[in-house]
Amino acid sequence: MSHDISTNPKHCKVFLLGTSALVCLALSAPVMADDFVITGSNNSTNGTGTKNGGAAADIAANAINGGHTVSLGIALTTTGTNVGIKTTNNNTEAQGNTVTVTGTGSITAEGVRGYGIYNVGAFNTTTVSGRITPGNDDYAHGIVNVGASNTATISGSITTLGTSAHGIVNVGASNTTTISGSITTGGGNATGIYNNGAFNETTVSGSIETGATEASGIRNYGDDNETTLSGSIETEGTNATGIYNNGAFNETTVSGSIETGGTGASGIRNYGDDNKITISGTVKATGAKSAALNNRKGSGNSFTLDEGAIIIGDILARDASGTNFDATNSKLIFNLGASTSYAYSVSGKGEVTSSDSAGRWTFSDLDGRTQGVSILEGADASVCDTTITGAGNDTCNLVTAVGNGNTEAQYELQFGMNSSMIGSLSLGNNTAAPVEVMSFVQTPQSNAWAKIYGGSSKRAVSATQSSFDSSNRGLTIGTPVAINDTLNVDLVFNTSRTSLDIGSTKDQEITANSYNVGAVLRDLAPASGWGVDAYGFVGRNSYDGKRKVMNNQETTGSETVTASYSGTEVLVGVNAQYSQAINETLNFIGGVNASLSNEKIGAYSESKYYSWDARTLTQVAGGVTAGLEYHKDAFTSFATLGLQRSSLQKGKTAGYTNNGTAGSHTDTSGAATYASATVGFNYAADDSMNITGTAGMSRASGGISGSSVSLSANWTF
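Listed below in structure tokens is the structure:
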């Protein structure tokens, strides 16, 4: 005799043996996936609701036991030690449960260990866009996952108030937690996200706030956990920690912010071996006896400061006098960008030596700059806090490096200023100036004239160069001087102002004021069919520099140092332009140009940290243009395309002194090819006045782009 096998895993298959013996064998069978919808609250786990669309009834605490889904869109309340929602399974992927708390749903679980959601087993998925609010009791966690490969996604909020009441607890390996909402804890030793296991992945693009003693934003107890913070963590309590890694080979990436305000607190604390922290955001510790970055115990723990990192507070490696609680072989790695300067005070026992690494640091700069490392003494050493409990630190190192932004951008700054001025000279009778050219003038320069111009350029960041963003404006005035019947000369005065921002966060700002006097020799080959002009200028460039220096002891994470310096420049060049009629109203126009500039820049210093040697830059440039010109009556319009090549022949290397250590930087590029397009017009207003306007765009190798506009007038008094 036999019976059908149901989907109940405890159903028996019954066999008749002989005449009387019955044997019941429990056979495993596929579990049916049930859909639970919680529709009411009865103060017990899972409340009341429907199963697979059936009639509403109490949902037993063990009913969601493998491969099921449960959704909550109402306010669920439990009392006593009951959790809000509980699931179990047999740790297979097929039996993972899915729990969803919608935006209209909420869980309030009161009592000791009254968890909001409690998943026992593996491969469970929890999504919360509503609210979870356990009561004021101890260990009343928001979500607890006991098992492996569980996933929790929170876009809503979790708030706990009790002692050791964590927002999310993962006990097991390979759990994934993503927070775009908020977690708030109010009790002592309460952690926003608590991972107890290995290979757990935690991502916060939302916020975590804690407010009591020993509380932490994120704690990793175990090895190989990965934590990514693009949101924010704020703690206020004594001995609180933003992120606490207690284990080995944990990797933490911070592009958001961590702020701690309590006594003895740490922004990031490592308690284990070979933990790697990479920071491009902000880590701030403002409480007494606190540290922003704290290697508490273990060997080989490293902090890497990427571009954009802001550290406020002590940087500490602990030395507990030979006990097992030393932090050894600590590493502080700077990758802030070649344009960024820094002056960080680092606490411990100094640099690593061949015989001692306890409480000591190894410093390095991935941008290839020469670091200055010195020991601060006397009053200067007080910036490092030697009163931090158990730290054992007695040495304060000042670690500095100077940004190379001014070295990398000086030749582009010089080329931009010179090109703009050359463009304002209205060279040739019917033509365009070099690549940055901003004007064409359609009449011989027999009258007094003036031109105002402006433009901007920028360079994208690359592996070898800093980004920059510049703008310039200027005025050029010329008047003809009679020399003889065959030589036409304009005496010219030019003044310009250029602003240059270096680095994506404006690590360095340079303002240049330029004053030039010179002459333009017009129409040197009148019988050749070409308009050939030559020019020569002498000028003085005055520079005001403002440099941001990253400094972990400043309340903003940086300080500003200034410098003033100047340069004397000689500029000469030639421009030949050609025009050929195509028909009565259309001309082909084209030309070639070349220039040579030489600027001697004096030595200067930037506060107590940095000084720069004198430097001479010699630059050559040359190019070609071609285009069309349309003219009818008093109106002329034109459009040209051009190529220009600039090359720095001398001055690629700049020497400097960084905190007493001599160094140098070489600009590896020193050359660029520019492609430009320019359009404009000329209007003869009357017999004594001509007005010209232009607009242009340029692109160059190395990620440089620019734009320009100008307006000029040529008139007879």
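The opening residue of the sequence shown carries number 10 in our numbering; numbering runs sequentially from there. Ideal placement from N, C-alpha and C gives every residue a C-beta, glycine not left out.
- For N55, the secondary structure class from DSSP, reduced to helix, strand or coil, is coil.
- The segment 210 to 290 contains, as complete beta strand (DSSP E) runs of 3+ residues, the segments 210 to 213, 216 to 219, 225 to 230, 235 to 238, 241 to 244, 250 to 255, 260 to 263, 266 to 269, 275 to 280 and 285 to 288 (chain order).
- The Cβ neighbour count for G538, taken over all protein chains shown within 10 Å, is under 16; the residue is labelled exposed.
- Residues of the same chain with a CB within less than 6 Å of the CB of M698, apart from the 5 flanking positions on each side, are W724 in chain order.
- In the three-state reduction of the DSSP assignment, I68 falls in the coil class, being assigned neither a helical nor a strand state.
- The shortest C-alpha to C-alpha distance from Q586 to any of N561, P535 and E593 is the one to P535.
- Selection A224, E102, K60 and V121 evaluated against T90 yields V121 as nearest (Cα-Cα).
- In terms of Cβ geometry, R556 and Q589 do not form a close pair [threshold 8 Å].
- With a cut-off of 8 Å on Cβ pairs, the segment 276 to 285 is in contact with the segment 294 to 308, counting three or more such pairs.
- Selection D146, T136, V153 and V263 evaluated against G165 yields T136 as nearest (Cα-Cα).
- According to the DSSP assignment, Q589 belongs to the beta strand (DSSP E) that extends over S567 to A590.
- For Q658, there is no enclosing alpha helix (DSSP H); the enclosing beta strand (DSSP E) has its first and last residue at F644 to K659.
- For the pair N154 and Q104, the Cα-to-Cα distance works out to about 15 Å.
- Non-local C-beta neighbours of I492 in its own chain, meaning closer than 7 Å and more than five positions away in sequence, comprise V498, ordered along the chain.
- Here DSSP, grouped into helix, strand and coil, assigns V392 to helix.
- For E615, the enclosing beta strand (DSSP E) begins and ends at Y613 to E615.
- Under the 8 Å Cβ criterion, the segment 374 to 382 does not count as touching the segment 473 to 482, having fewer than three qualifying pairs.
- By the neighbour-count criterion, in which a residue is buried when 16 or more other Cβ atoms sit within 10 angstroms of its Cβ, A300 is buried.
- In the DSSP assignment, S166 falls within the unbroken beta strand (DSSP E) covering S166 to T169.
- Counting along the chain, F208 sits inside no beta strand (DSSP E), nor does DSSP assign it H or E at all.
- Within the same chain, Cβ atoms closer than 8 Å to the Cβ of D403 are found at K358 and T395, the five residues on either side in sequence being excluded.
- Listed as beta-bridge partners of P535 by DSSP are no residues whatsoever.
- The beta carbon of N145 is closer than 7 Å to those of L170 and G171 in its chain, skipping five residues each way along the sequence.
- Within the same chain, L407, T409, V558, N560 and Y618 come within 7 Å of A352 by CB-CB distance, once the 5 residues on both sides are set aside.
- When DSSP states are grouped into helix, strand and coil, T514 belongs to the coil group.
- A straight line joining the alpha-carbon of I47 with that of S354 spans about 57 Å.
- Here N406 carries a strand assignment [DSSP, helix/strand/coil].
- When the Cα atoms are used, G368 and A274 turn out to be separated by approximately 19 Å.
- Pairing G151 with G176 gives a Cβ-Cβ distance under 8 Å.
- For T78, there is no enclosing alpha helix (DSSP H); the enclosing beta strand (DSSP E) covers residues T78 to L81.
- Measuring C-alpha to C-alpha distances from R482 to each of N456, T520, S656 and G130 identifies T520 as the nearest.
- Y127 has its alpha-carbon roughly 20 Å from the corresponding atom of K60.
- In the assembly as shown, G63 is an exposed residue. Its beta-carbon has fewer than 16 other beta-carbons within 10 Å.
- By the Cβ-count criterion, T675 is exposed, with fewer than 16 other Cβ atoms from all chains shown falling within 10 Å of its own Cβ.
- Where Y420 is concerned, the enclosing alpha helix (DSSP H) starts and stops at G414 to G432.
- The alpha-carbon separation between T86 and G197 amounts to approximately 24 Å.
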